[in-house]
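Asker: One structure coming up, written as C-alpha cells, with questions to follow.
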Amino acid sequence: MKISTEINSAAKRIGEEKTVELVAKAGFDAFDLSMFEMARFDWDKKCLKPNSNPFAGNDYLAFARKLRQIGLDNGITCNQSHAPFPTKVPEIRSFMKRAIECTAEAGGKICVIHPMNDGTPEENAEMYFELLPFAKEHGVKIATENMWNWNREKDESCFAACATPESFNAHLDAVNDDFFVACLDIGHATLVCENVPDFIKALGNKRLQALHVHDVDGVVDSHTLPFFGVTEWDKVMKALADIDYKGDLTFEADSFFKGKPLE
C-alpha cells in the first residue's frame, strides 16, 4: 500500500514538475496525476477556457513522460490519475482518452473518471463502454467515483450518481468489467451516506481499488486533511482492514492549504 497525494492544488501555483519533486521530498510514495487543468469549462460562455497547460497542448504525452521521470528520479511513481470533469459536458468528455493516455505514459494504473452526477447507471455505462476498449489497450483501469449534488431549497448536499452503496454497485454491475473499478471518495461518502464503513464493506476489496482520502465538515465538500472534519477515521480504517483493502491511500485534501502561502 502506497501513500499518495493529488498534485493539482500545488501545480496551479508552482507547476506540475516542481510539485512532483516536492511531493517526493515530503515523503509520499506516489503521486496522483491530477489533470483538471487539461480542460476547464466556462459555464457562462459555454465553451472551454483558454488554456496554456501542457496537458492541453500537442505535446501532452511527452509532458506525462517527463513527470514520470521526475518522479522516478526522486524515488516515487504515479499510482493513479484523475481526468477532467464534469463529464456531462461534451467538450470535457472529448479529453477522456487523452487522460487515459497520459495516465499510461506517467505509469499510473487507474484513471478516475467521474460519472455524470444525474446519470442513471445505464446512462453512465454508455460513456464507460466507449472508453473501456481504449483503456484496456493502454493497460489502465477506469475507476468511477461516488458523487454529490446540492439541494438549493434545503441548502444541503444530496444524492448523486454512486452516492450510496446501492447506486455505486448498480453502476459497477451495469458495466461488469474487470477494468472498471471503484474509487471511494471518503469525504463525499461522509456528506451523503449515513454509514461510510458499511459503504466500504458493500463494495468489497475486488471492486474497491482506489481511494480519495480527505475530510469534510459534514456540510460542504471541504476537502481538508483527515481529523480536521467529522469523518470517523477509526471506523473507516477498520472497515478497510476488514475487507482486506489492497489499494493505495491517495490524499485529495486539496483545500487544506487554500489561501496559505507556500514557503
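Count along the sequence shown starting at 1, add 166, and that's the number in our numbering.
Yeah, the Cβ is synthetic: ideal placement off N, Cα and C, and Gly gets one too.
Note that this is a predicted model, so its numbers are computed, not measured.
Using the C-alpha atoms, what's the distance from residue 256 back to residue 355?
Answerer: Against the sequence shown, residue 355 aligns to sequence position 189. Against the sequence shown, residue 256 aligns to sequence position 90. If you take the alpha carbons of residue 355 and residue 256, they lie about 27 Å apart.
Asker: Checking the sheet assignment: what are the DSSP bridge partners for residue 246?
Answerer: For this step, residue 246 is matched to residue 80 along the sequence shown. Its beta-bridge partners are 198, 276.
Asker: Quick check on residue 268: does DSSP put it in helix, strand or coil?
Answerer: Your numbering for residue 268 matches position 102 in the sequence shown. Residue 268: helix per DSSP, three-state reduction.
Asker: Taking the straight line between their C-alpha atoms, what separation do you get for residue 231 and residue 328?
Answerer: Numbered from its first residue, the sequence shown carries residue 231 at position 65. Numbered from its first residue, the sequence shown carries residue 328 at position 162. Near 32 Å, if we compare the C-alpha coordinates of residue 328 and residue 231.
Asker: Would you kindly report the start and end of the unbroken alpha helix (DSSP H) that includes residue 290?
Answerer: Locating residue 290 in the sequence shown gives position 124, where the first residue counts as 1. First-last of the alpha helix (DSSP H) with residue 290: 287 to 303.
Asker: So, residue 300 versus residue 275, is the Cβ gap smaller than 8 Å?
Answerer: In the sequence shown, the residue the question calls residue 300 occupies position 134. In the sequence shown, the residue the question calls residue 275 occupies position 109. Taking 8 Å as the Cβ cut-off, residue 300 and residue 275 do not qualify as a contacting pair.
Asker: Any idea what DSSP makes of residue 317, helix, strand or coil?
Answerer: Taking the sequence shown and counting its residues from 1, the one referred to as residue 317 is at position 151. Strand.
Asker: Can you check which of these residues, 219, 332, 282, 284, is closest to residue 180 by C-alpha distance?
Answerer: Numbered from its first residue, the sequence shown carries residue 180 at position 14. Nearest option by C-alpha distance: 219.
Asker: Ignoring anything shorter than 4 residues or poking outside the region 362 to 429, list the alpha helix (DSSP H) runs there in chain order.
Answerer: 362 to 373, 399 to 408
Asker: To the nearest whole angstrom, what separates the beta carbons of residue 272 and residue 247, a pair I think is in contact under 8 Å?
Answerer: Residue 272 sits at position 106 when you count from the first residue of the sequence shown. Residue 247 sits at position 81 when you count from the first residue of the sequence shown. That belief holds up - the Cβ atoms of residue 272 and residue 247 are roughly 7 Å apart, short of 8 Å.
Asker: Using 10 angstroms around the beta-carbon of residue 318, count the other beta-carbons present and answer buried if the total reaches 16, otherwise exposed.
Answerer: Counting from 1 along the sequence shown, the entry for residue 318 is found at position 152. Exposed, since its Cβ has fewer than 16 Cβ neighbours within 10 Å.
Asker: Rounded to whole angstroms, what is the Cα-Cα separation between residue 284 and residue 412?
Answerer: Reading the sequence shown from its first residue, position 118 is the one you call residue 284. Reading the sequence shown from its first residue, position 246 is the one you call residue 412. Taking the straight line joining both Cα atoms gives about 30 Å.
Asker: Pairs of beta-carbons, one from the region 335 to 343 and one from the region 376 to 393, closer than 8 Å: are there three or more?
Answerer: no
Asker: Taking only the alpha-carbon atoms, compute the straight-line gap between residue 416 and residue 320 and give it to the nearest angstrom.
Answerer: By 1-based counting over the sequence shown, the position of residue 416 is 250. By 1-based counting over the sequence shown, the position of residue 320 is 154. Near 32 Å, if we compare the C-alpha coordinates of residue 320 and residue 416.
Asker: Helix, strand or coil for residue 260 per DSSP?
Answerer: Residue numbering aside, residue 260 sits at position 94 when the sequence shown is read from its first letter. Coil at residue 260, not helix or strand.
Asker: Helix, strand or coil, according to DSSP, for residue 433 in the structure here?
Answerer: Outside the displayed range of the chain (167 to 429) lies residue 433, so it cannot be described from this structure.
Asker: Could you tell me how far apart the beta carbons of residue 389 and residue 353 are, in whole angstroms, since I believe they sit closer than 8 Å?
Answerer: Working through the sequence shown from its first residue, we reach residue 389 at position 223. Working through the sequence shown from its first residue, we reach residue 353 at position 187. Yes, residue 389 and residue 353 are in contact; Cβ-Cβ is about 6 Å, under 8 Å.
Asker: Alpha carbon to alpha carbon, what distance is there between residue 306 and residue 294?
Answerer: In the sequence shown, counting from the first residue as 1, residue 294 sits at position 128. In the sequence shown, counting from the first residue as 1, residue 306 sits at position 140. For residue 294 and residue 306, the distance between alpha carbons rounds to 13 Å.
Asker: Compute the beta-carbon to beta-carbon distance between residue 168 and residue 414, rounded to the nearest angstrom, for a pair I have assumed lies under 8 Å.
Answerer: As a position in the sequence shown, residue 168 is number 2, starting the count at 1. As a position in the sequence shown, residue 414 is number 248, starting the count at 1. Correct: roughly 4 Å between the Cβ atoms.
Asker: When burial is assigned at 16 or more other CB atoms within 10 Å of the CB, is residue 332 buried or exposed?
Answerer: Within the sequence shown, numbered from 1, the residue matching residue 332 stands at position 166. Answer is exposed; the Cβ neighbour count stays below 16.
Asker: Would you call the CB atoms of residue 203 and residue 217 closer than 8 Å?
Answerer: The residue labelled residue 203 in the question sits at position 37 within the sequence shown. The residue labelled residue 217 in the question sits at position 51 within the sequence shown. Yes; because the gap between Cβ atoms is below 8 Å, this pair is in contact.
Asker: With DSSP run on the structure shown, which of helix, strand or coil describes residue 180?
Answerer: Residue mapping note: residue 180 aligns to position 14 of the sequence shown, counting from 1. Helix, per DSSP.
Asker: For residue 334, count neighbouring C-beta atoms within 10 Å of its own C-beta (all shown protein chains included) and say buried if the count is 16 or more, exposed if not.
Answerer: By 1-based counting over the sequence shown, the position of residue 334 is 168. Buried is the call here.
Asker: Locate the alpha helix (DSSP H) running through residue 332, then write down its first and last residues.
Answerer: Position 166 of the sequence shown, counted from the first residue, corresponds to residue 332. Counting along the chain, the unbroken alpha helix (DSSP H) around residue 332 starts and ends at 331 to 341.
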